[in-house]
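To start, the structure itself, in structure tokens.
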Amino acid sequence: MRIEGYNIVLEVLEGANLEMVIALNDPHLMKYAGRVLQQNHTLETQTEWVSKVNANPNQRYWGIYELSEFAGTIRLDISNSVGLISLWIIRKFQGHGYGVEAINLVTDYAFKYLNLHRVEAGVLPENTASIKAFQKADFVIEATLKERQWSEGKFVDEIILRRLNVL
Ligand SMILES: CC(C)(COP(=O)(O)OP(=O)(O)OC[C@H]1O[C@@H](n2cnc3c(N)ncnc32)[C@H](O)[C@@H]1OP(=O)(O)O)[C@@H](O)C(=O)NCCC(=O)NCCS
Numbered sequence: 062m063r064i065e066g067y068n069i070v071l072e073v074l075e076g077a078n079l080e081m082v083i084a085l086n087d088p089h090l091m092k093y094a095g096r097v098l099q100q101n102h103t104l105e106t107q108t109e110w111v112s113k114v115n116a117n118p119n120q121r122y123w124g125i126y127e128l129s130e131f132a133g134t135i136r137l138d139i140s141n142s143v144g145l146i147s148l149w150i151i152r153k154f155q156g157h158g159y160g161v162e163a164i165n166l167v168t169d170y171a172f173k174y175l176n177l178h179r180v181e182a183g184v185l186p187e188n189t190a191s192i193k194a195f196q197k198a199d200f201v202i203e204a205t206l207k208e209r210q211w212s213e214g215k216f217v218d219e220i221i222l223r224r225l226n227v228l
């Protein structure tokens, strides 16, 4: 499913690309990604990962493009009819509003086409950019889960933000 926004387009990922592999191996960019993401990604491991995600009916995985340039990824994980969004934007494209736009596009898609009632995100407390991006996309902070994530060698709290379908 291709989703057209104002400044960006979301295209279902068919495979991996070099920019994606470089970004995933960037420890600064992935600092807040939690323990599920490790380094040493290659085109092969990433292609395999994308196929695995695409084969799962409860997951949607899009590339974020500015014009035709790859700018990041956004994923929607559905569990018990609740959507969970995670995303990252390549550093040179950060701060242009693309994160907020991508979150809005995927949340609207989840409400309108997947009939979900609730979409969430789990963010580390010091990840102010991400918290702000979700808040700007009308998510509200709902809870702090104690020591829910693993980051830089220790368990850390996770902030849960959510948006409900109020239509
Ligand atoms: C979080 C992230 C996706 C935001 O994407 P983005 O495209 O840079 O964000 P936007 O340009 O849409 O900005 C959204 C708001 O966040 C704020 N923001 C952006 N970068 C920031 C930073 N480094 N520090 C503090 N606030 C920041 C801005 O204030 C902006 O609000 P404003 O328009 O009022 O200034 C991006 O920074 C990123 O990829 N981070 C690394 C991976 C990550 O943390 N992913 C989220 C895990 S759930």
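Quick note: the sequence shown uses the numbering used here, first residue 62, plus one each step. Each residue gets a CB set at the ideal place from its N, CA and C atoms; glycine is no exception.
Distance between beta carbons of residue j and residue i, contact taken as under 8 Å
i: VAL179; j: ARG223; result: Checking the sequence, you will find Arg at residue 179 rather than Val. Rounded, the Cβ-Cβ distance is 6 Å, consistent with contact.
i: GLN210; j: LEU185; result: 6 Å
i: TYR126; j: VAL73; result: So it is not a contact: roughly 12 Å between Cβ atoms.
i: LEU137; j: VAL167; result: 5 Å
i: GLU181; j: LEU145; result: 5 Å
Host alpha helix (DSSP H) of residue i (start-end)
i: GLN210; result: No alpha helix (DSSP H) holds GLN210; the beta strand (DSSP E) holding it covers 201 to 212.
i: LEU166; result: 159 to 173
i: LEU104; result: 104 to 116
i: LYS197; result: 189 to 197
Range covered by the beta strand (DSSP E) that runs through residue i
i: ILE125; result: 120 to 127
i: VAL82; result: Not the beta strand (DSSP E): VAL82 falls in the alpha helix (DSSP H), residues 79 to 85.
i: SER140; result: 130 to 140
i: ARG223; result: 215 to 225
i: GLU75; result: It is not in any beta strand (DSSP E) - GLU75 carries neither H nor E in the DSSP assignment.
i: ALA182; result: 179 to 184
i: GLY144; result: 143 to 150
Cα-Cα separation between residue i and residue j, rounded to whole angstroms
i: ALA77; j: LEU206; result: 33 Å
i: LEU228; j: LEU71; result: 23 Å
i: LEU175; j: ALA132; result: 25 Å
i: LEU104; j: LEU85; result: 11 Å
i: GLN120; j: ALA190; result: 24 Å
i: GLU213; j: ALA171; result: 32 Å
i: GLU203; j: GLN196; result: 11 Å
i: ARG96; j: TRP149; result: Interpretation of ARG96 is limited by its pLDDT of 49, a score under 50 that renders its predicted location unreliable; the figure taken from the coordinates is listed afterwards. For ARG96 and TRP149, the distance between alpha carbons rounds to 15 Å.
i: MET62; j: PRO88; result: 30 Å
i: LEU90; j: VAL82; result: 12 Å
i: GLU208; j: ILE64; result: 35 Å
i: ASN101; j: VAL111; result: 16 Å
i: GLU187; j: LYS173; result: 32 Å
i: SER147; j: LYS113; result: 17 Å
i: GLU75; j: GLY66; result: 20 Å
Proximity below 8 Å, CB of residue i to CB of residue j
i: ALA116; j: GLY160; result: no
i: GLU130; j: ILE69; result: no
i: LEU177; j: VAL201; result: no
i: ALA198; j: ASN226; result: no
i: ILE139; j: GLY183; result: no
Below-8 Å beta-carbon distance, residue i vs any chain D residue
i: GLU181; result: In summary, chain D is missing from the structure at hand, where a single protein chain is found.
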